[in-house]
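Chains F and B, in that order, give the protein sequences. Residue 95 is where the first sequence starts when you use our numbering, and the numbers rise one by one after that. Residue 3 is where the second sequence starts when you use our numbering, and the numbers rise one by one after that.
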Amino acid sequence: MKDIPNEKFLLFKSCMVNVEYPGIESSTKYIFDKLGLDYIISPEQTCCTGLGHYSDVFDELSTTAIAARNFNLAKSLDHPNLVMLCSTCYAINKKSANILNNNDEVREKVNNIFIEAGLEDKCYNKGDTDSRENIFHVVEVLYNNRDKISDLCKYNLSDFRIATHHACHYCKVHYEDTVDGVRNPMLLDDLAEACGVDTVKWYDHKRLSCGNGFRQRFVNRDYSLEVTKEKLLSLKDENVDILLHMCPNCQIQYDRYQPVIEKQIGEKIGIYHLNVSQLIALSMGADPYTVAGIQTHSVKLEPILEKFKEIKEEGK
Amino acid sequence: MSIKSPVQNKSDIKIGVFICKCGGNISDKVDIERLKEEIDAEIIEVYTNLCSLNGRKIIRDNIISNNLDRVVIVACSPISHEKTFQDYIKPLNPYLMDMVNLREQCSWVHPDDANITDKAITLVNASIEKVKQSHAVDPILCQTPNSVAVIGAGISGISAATSLARQGYEVFLIEEKPSIGGHMAGIGKVFSPVKIAEECGLCLLNPVIKNVVENDNVNILTNTTVKSIDRRAGTFSVVLENNPRYVDSDRCISCGECEKVCPVEVPDEFNDGLSNRKAIYKPYSQAYPDTYTIDMENCKKCGACIKKCSMDAIYLEGESENVPITVGSVIIATGHELFDPGKRPEYGYSRYEDVITQSELGRIMGVNGPTKGKLEKPSNGEVPKRLVMIQCVGSRDEKPEGHKYCSKVCCMVALKNANIIKHKYPDTDIVICYTDIRTPGMYEKYYKHSQQSGIRLIRGRPGDVVKKGDNLVIRVEDTLQKKFKEIEADMVVLSTAIEPSQGTKDMAKLLNVGLTEDMFVKEAHPKIKPVTTDVKGVYVCGTAQDPKDITESIMQANAAASKVSEIMHDGIEVEPFIAEIDNEICNLCGDCIQMCKYKAMSVIDDELFIDPMSCSGCGKCLTICQHNAININGNVDEKIFATIYGMLKDKKPGERRILAFLDNIGYTAADNIGVNRVQYPDTIHIIKVISVNRVMPKHIIYALENGADGIFIGEYPGDLMYSEVERKMNNIRNDILDHNMDPERLQFARVYIPYFRGLADKFKDFDNKIQSLE
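Dropping the structure here:
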């Protein structure tokens, strides 16, 4: 398993998180603060452009140049370990780092762009950022600190039937670097276990993609939602209450489109969707609106909150 | 030009030079009379055909009547006739002779107007200087004890042991389990390469076991593991650990009364855990040795069995015994294990009872198995209505923990099991989901037969197996029809990959034998030297070497036995040009052991030991040893210096001389140039070396400083030392620069035997380059 550091993090902002579920970022910050981790957020960091790139809107050279700029920023701020809130950022930045380190021709092209723009100081040197040693997903950092998280949880969540949805771009793309299982991903399950939650370890379609497919949701909407529906129905069969996520794209697909699918099939599915950071923050006692940001969810989360507040202080 | 000889001048040595006209092949182009005048030797004789019996008489008579000390034969290539002339110069030691190649590497490769005779004179001079440095050396005879250790008593080990025993060797057949027979004992039915039918595996195995048991030359040691192995020349000192059986096999009559009263039940590994056995047990009825054993890890030591045993054969306290043996050779036949289907969680092996492996299916269908041969679902004992087989589980898999290789036998195993089921249960539908059906040779006919039996085949690798209600659902894409299918079935069988066993990996470590990237035992050269490992005297056969079926295992076992017999028969004569250690100087730092690519060095009894059978004389250890404790027999250093001196000492001003050092492969390629009459410049003078690694910077610098215009080095890329030599070249070029000379004068090239035109071109190009440097 790769080494996960515990300091000098650049918490990488995500466009989809900030636009759709800003509570994911504030929950993560809440947890990091409670854990006393050394991290910064930089206003100069730009969108990774992964979403646009995977949707065939941006070409690879541009996206790689953007990555080089962000890597340079992280290094210059002496927080070279990039920690991603979104699996798209995770996958595209790892890919870009590999390209910049191994493809001399592309690295030269990227550096020429910087030089032409009068930004020589942002040039990328081979080896500046390593895909395996400097780029992580937030969930990996949380997993690394799960014992401490265990001690900080205040609520007993064992009444909920919770299952996990692992992001494809985390598990399946750079699978040599995936932590805690590729064919049966258990990263979110083990993390949830730290909060005293016994998840549904396996269900039919556990490994199925959310169906988002970046532009597929727009260009092939029916097909995209078919895929989403498969997993939701399987979860319904298992009587799952909450589905935990690690990527805003998946969360959008399930949370925003579950009502649409329910209307299509004329059946209620009734599953609540939360990012694992939101769940952990809530479980540590964070405010549901100012920290977890549940007001931005399509499937209203107040019903589970009521259950939350009832099961207080059975403590650890 | 007169240059100083770099080695001691030995003027009192009497040398005889014998020149062969080679029926005109040499004498038509070389001016023999001028050659005779220009060289300096005690005796110079010319003859038309030196290799003939008359030639032998001339050489021998001259040696004896003139008390000659050394001989130079000026003739064709040593590759053709070295052994002949080494014999002809008796009573002189064979290593006191050198051959000058005036045919393949002189008269056949230069145009008429070239300075052929001058070159001939140079080459003969070089040879004369070289033989002055030669010493008489005797070949080393390695005798091996006439005994062999075969590790592993599956079909491969048993076959190898029987073959060796029948050839008169003493064999120790070592097996870690309580009985012999390996995987084949539990396989149920086996497929026959020629009959379109399945045969009883145990019926085929039993006579094989009987043969090895009855052969007096074989010592079978079961419940035994290998603790340590020390290798020294042709001998292996092996320490075995014999673990107690807790049942005296001489007394046990296999009545089975003890088993009835034993209170402990544990999963039966013979039936893949599908049924239970007792702590005191016999693996299967026909097991050899025919005795019970106690699994002490699970035994509760209640003593119920002791009370029941009428032969007083049971004891509950016992210790392992160390058994030392000495053998001349070791055969690794440690077999395989199967891929853990838990590593493919999507197939539900650990979740659903009715998802099983082919091995488990084999036990179920076996008449001596947990269901006495009835096809019963583990969950409820009913006959399945539809059975789906999934191929390539763990094989042809590039994802983490998968194996990229193909396990070779699973297609036939699946078809075999499918046919057995179809015969007995024609109403059970069988679907095989395959990647490719690999049934080469005669097996193709079996495949056709299977299709005709109604077995269905879908080309696609299933994604999931899930349970919906009472049934299992297999999701697969039928890639030939380009349709996604969901197959409802009530039983799934996984064809799992063959992997190297733990025993294989352990033995490789003990013996210092290399493993491939897939962790099977690595052969010295998989194409041309099968069953041989990179450690001399150690061989491998069966699935320890790679996945294969029973027939191939038997073949390989016999091959290994044959190789062992070769080294045992009369001992091995080893060329003496190997490394020698001065134990007074050696401080056992171990640097040489690490560096030796031939694994020739080890520490035995606190002394460094160099195995003459493995040492190739490459000289790497020489350069590594910081205390100069190593010396290589045969004076190669001095001989190289002397050859260079001889090549350059009479160089005239304005002449161009290029020295080309070639290994055996390169030299053969150069001969090929001659055989094909391809031409190259006469500036090229070829020097044959045992290993290119022996040509050191000091030789090259000396040559360049004393008249050589260019140095050409050719090595075969398949040589174990190739990459090291290639790296060395750059360092040598820097050395040349430090001596104020042009590094371009050193050329390194790859050589291959058939690539002789390429070599001739390289010679021409290099000569042109050197010319332009002037």
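Cβ coordinates follow ideal geometry from the N, Cα and C atoms, glycine included.
Cβ-based neighbour list, residue i, same chain, cut-off 7 Å, excluding 5 preceding and 5 following
i: threonine 685/B; result: Arg658, Arg659, Ile660, Asp769
i: serine 328/F; result: Tyr297, Asp298, His299
i: arginine 201/F; result: Leu194, Tyr218, Lys220
i: isoleucine 745/B; result: The displayed chain sequence assigns proline, not isoleucine, to residue 745/B. The answer, listed in chain order, is Arg735, Ile738, Leu739.
i: isoleucine 135/F; result: Leu105, Lys107
i: lysine 387/B; result: Thr430, Asp431, Asp492
i: arginine 759/B; result: Val680
i: glutamate 324/F; result: His299, Leu302
i: serine 616/B; result: Lys538, Tyr600, Lys601, Ala602
Euclidean distance between Cα positions of residue i and residue j
i: lysine 374/B; j: isoleucine 366/B; result: 7 Å
i: lysine 410/F; j: leucine 417/B; result: Only weak support is given to the placement of lysine 410/F: the predicted model assigns it a pLDDT of 42, under 50, and the question is left unresolved by the model.
i: phenylalanine 412/F; j: glycine 379/F; result: Past the boundaries of the shown model lies residue 412/F; chain F is included only from 95 to 410, so the question cannot be answered.
i: glutamate 35/B; j: glutamate 586/B; result: 53 Å
i: glutamate 776/B; j: methionine 743/B; result: 12 Å
i: methionine 280/F; j: glycine 350/B; result: 16 Å
i: glutamate 361/F; j: glutamate 332/F; result: 16 Å
i: aspartate 342/B; j: glutamate 403/B; result: 10 Å
i: glutamine 596/B; j: valine 523/B; result: 20 Å
i: methionine 3/B; j: alanine 662/B; result: Unreliable positioning characterises methionine 3/B in this predicted model, as indicated by a pLDDT of 48, which lies under 50. A coordinate reading is not provided.
i: arginine 752/B; j: lysine 730/B; result: 14 Å
i: phenylalanine 87/B; j: aspartate 536/B; result: 33 Å
i: isoleucine 422/B; j: alanine 499/B; result: 21 Å
i: lysine 188/F; j: tyrosine 407/B; result: 29 Å
i: aspartate 253/F; j: threonine 293/F; result: 11 Å
i: asparagine 589/B; j: cysteine 183/F; result: 57 Å
i: isoleucine 46/B; j: methionine 649/B; result: 19 Å
i: asparagine 103/B; j: alanine 526/B; result: 33 Å
i: histidine 268/F; j: glutamate 227/F; result: 13 Å
i: alanine 672/B; j: isoleucine 457/B; result: 60 Å
i: glutamine 145/B; j: glycine 709/B; result: 47 Å
i: asparagine 306/F; j: glutamate 717/B; result: 58 Å
i: phenylalanine 308/F; j: leucine 145/F; result: 7 Å
For residue i, three-class secondary structure by DSSP
i: methionine 101/B; result: strand
i: alanine 289/B; result: coil
i: methionine 615/B; result: coil
i: glycine 57/B; result: helix
i: tyrosine 133/F; result: strand
i: phenylalanine 750/B; result: strand
i: threonine 293/F; result: coil
i: histidine 173/F; result: coil
i: tyrosine 351/F; result: helix
i: leucine 340/B; result: strand
i: glycine 159/B; result: helix
i: valine 151/F; result: coil
i: serine 303/F; result: coil
Spatial neighbours of residue i in its chain, beta-carbon cut-off 8 Å, leaving aside the 5 residues before and after
i: glycine 170/B; result: Asn148, Asn219
i: valine 223/B; result: At residue 223/B the sequence reads leucine, which differs from the valine that was named. Cβ neighbours of leucine 223/B beyond the five flanking positions: Phe174, Leu175, Ile176, Glu177, Leu242, Asn244, Val325.
For residue i, the residue or residues it bridges with in DSSP
i: glutamate 216/B; result: According to DSSP, glutamate 216/B bridges with nothing at all.
i: cysteine 22/B; result: Tyr49/B
Neighbourhood of residue i by C-beta, 6 Å cutoff - its chain only, sequence neighbours within 5 removed
i: threonine 272/F; result: Cys265
i: aspartate 250/B; result: Ala315
i: tyrosine 124/F; result: Ala375, Ala380, Val385
i: glutamate 575/B; result: Pro141, Leu143
**Q.** Any 3 or more C-beta pairs closer than 8 Å across the segment 117–134 of chain B and the segment 48–59 of chain B
**A.** no
Q. If we count Cβ pairs, one from each stretch, closer than 8 Å, do we get three or more for the segment 369–388 of chain F versus the segment 677–693 of chain B?
A. no
**Q.** Cβ pair count under 8 Å reaching 3, the segment 322–330 of chain B against the segment 239–256 of chain B
**A.** yes
Q) Are at least three pairs of beta-carbons, each pair with one atom in the segment 546–565 of chain B and one in the segment 494–508 of chain B, less than 8 Å apart? A) When C-beta atoms of the segment 546–565 of chain B are compared with those of the segment 494–508 of chain B, three or more pairs fall below 8 Å, so the two segments count as touching.
Q) Counting Cβ pairs closer than 8 Å, one from the segment 21–33 of chain B and one from the segment 90–106 of chain B, do we hit at least three? A) yes
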